[in-house]
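Converting from the sequence shown to our numbering requires adding 15 to each position, the first position being numbered 1.
What follows is one structure encoded as structure tokens, with my remarks underneath.
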Amino acid sequence: MRIMMALAAAVLLSLPAFARDITMLDGKVYKNVSVENVTPLGFDMVSDNGKSLMIKHVRFTEMSEAVRKEFNYDPVKADEYLKKIQKTISTHETKNSVKLTAWKAKDEKQEPVVYDGVEKLGQKILFKAISCHPTGTVGWSCAEDETLTTGHYGKIFLKGMSLSQSSEWIGNIYPTGKTYNDGRQTMPEYVTRQP
């Protein structure tokens, strides 16, 4: 008896996956689509014509009344479901924002330590310009022979260097012992000639 009930349940649960036609409010008919991932807001229509696979999420508000009734669409439940999703997204955004703020604060504290030992001997670097300022250029710097774990120096200010945005320069840099603030961030200042 249990086997028969399990078999009947499996058949009933798989019924929406069979190909069918779905009519939209605007009269458009999607032919031979299977319905998957049904939620109170809508479902995904999947169509495979042998050459390509089409997956489209549609909301019940876009579907004909017959389709809404067939899937027991309830606007109140749909609204509650949407609010739950929005709350989850908002919670994750807040958590991510807090993590990002903490990471930025930690990163700003670490940058001077990272830069202290960089290029004391005038190591050759690759410099990628981000923005040009009246007295120099802000950009990303890395060793010419950088690897996944070494040679990434981060954002620096090259005093006396005028480069347009996105241009690259390779050469030796030397620390001035000063920092530069571009209005958003403080970074170490370097020059291209040994002081």
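We put the CB at the ideal spot given by N, CA and C, even for glycine.
Next item on the list: Give the range of the alpha helix (DSSP H) segment to which alanine 158 is assigned.
Entry: Here residue 158 refers to the residue found at position 143 of the sequence shown. From DSSP, alanine 158 is part of no alpha helix (DSSP H) but of the beta strand (DSSP E) over 151–158.
Checklist line | Proximal residues to phenylalanine 172 (C-beta, below 6 angstroms), its chain only, five neighbours per side dropped | finding: Here residue 172 refers to the residue found at position 157 of the sequence shown. Once the five neighbours on either side are set aside, the close Cβ partners of phenylalanine 172 are Gly151, Val153, Tyr195, Met202 and Glu204.
Margin query: At the level of alpha carbons, what is the spacing between serine 29 and lysine 98?
Written below: What you label residue 29 is simply residue 14 of the sequence shown in a count that begins at 1. What you label residue 98 is simply residue 83 of the sequence shown in a count that begins at 1. Model confidence at serine 29 stands at a pLDDT of 46, short of 50, so the residue's coordinates are unreliable; what they give is reported in the following sentence. Each residue's Cα considered, the two are about 29 angstroms apart.
Checklist line | Proximity to aspartate 41 [Cα-Cα], best of Asn47, Asp89, Glu80 and Ile70 | finding: The sequence position of residue 41 within the sequence shown is 26, counting from 1. The residue with the shortest Cα to Cα distance from aspartate 41 is Glu80.
Margin query: Taking the alpha helix (DSSP H) that valine 53 belongs to, which residues open and close that run?
Written below: Mapped onto the sequence shown, residue 53 falls at position 38. Valine 53 -> no alpha helix (DSSP H), and no H or E assigned at all.
Notebook entry, point to check: So, threonine 38 versus valine 82, is the Cβ gap smaller than 8 angstroms?
Noted result: Along the sequence shown, one-based indexing puts residue 38 at 23. Along the sequence shown, one-based indexing puts residue 82 at 67. Cβ atoms of threonine 38 and valine 82: closer than 8 angstroms.
Check: leucine 211 to alanine 144, Cα distance in whole Å?
Finding: The question about residue 211 has no answer, for the chain in this structure spans 16 to 210.
Next item on the list: Would you kindly work out how many angstroms separate the C-alpha atoms of valine 48 and threonine 76, rounded to a whole number?
Entry: The residue labelled residue 48 in the question sits at position 33 within the sequence shown. The residue labelled residue 76 in the question sits at position 61 within the sequence shown. The straight-line gap from Cα to Cα measures roughly 18 angstroms.
Checklist line | Option in Thr103, Leu68, Met78 and Asp59 with minimal Cα separation from valine 44 | finding: Here the question's residue 44 lines up with position 29 in the sequence shown. Per the Cα distances, Met78.
Notebook entry, point to check: Are the CB atoms of alanine 93 and leucine 56 nearer to each other than 8 angstroms?
Noted result: The residue given as residue 93 occupies position 78 in the sequence shown. The residue given as residue 56 occupies position 41 in the sequence shown. Between alanine 93 and leucine 56, the C-beta spacing is below 8 angstroms.
Notebook entry, point to check: What did DSSP end up calling lysine 143 once you bin it into helix, strand or coil?
Noted result: On the sequence shown, position 128 is the one that residue 143 refers to. Residue state, collapsed to three classes: strand.
Item checked: Own chain, CB closer than 6 angstroms to phenylalanine 142, minus 5 neighbours either side, in chain order -> Start at 1 with the first residue of the sequence shown, and residue 142 comes out as number 127. Excluding sequence neighbours, phenylalanine 142 sits near Gly154, Ser156 and Trp184.
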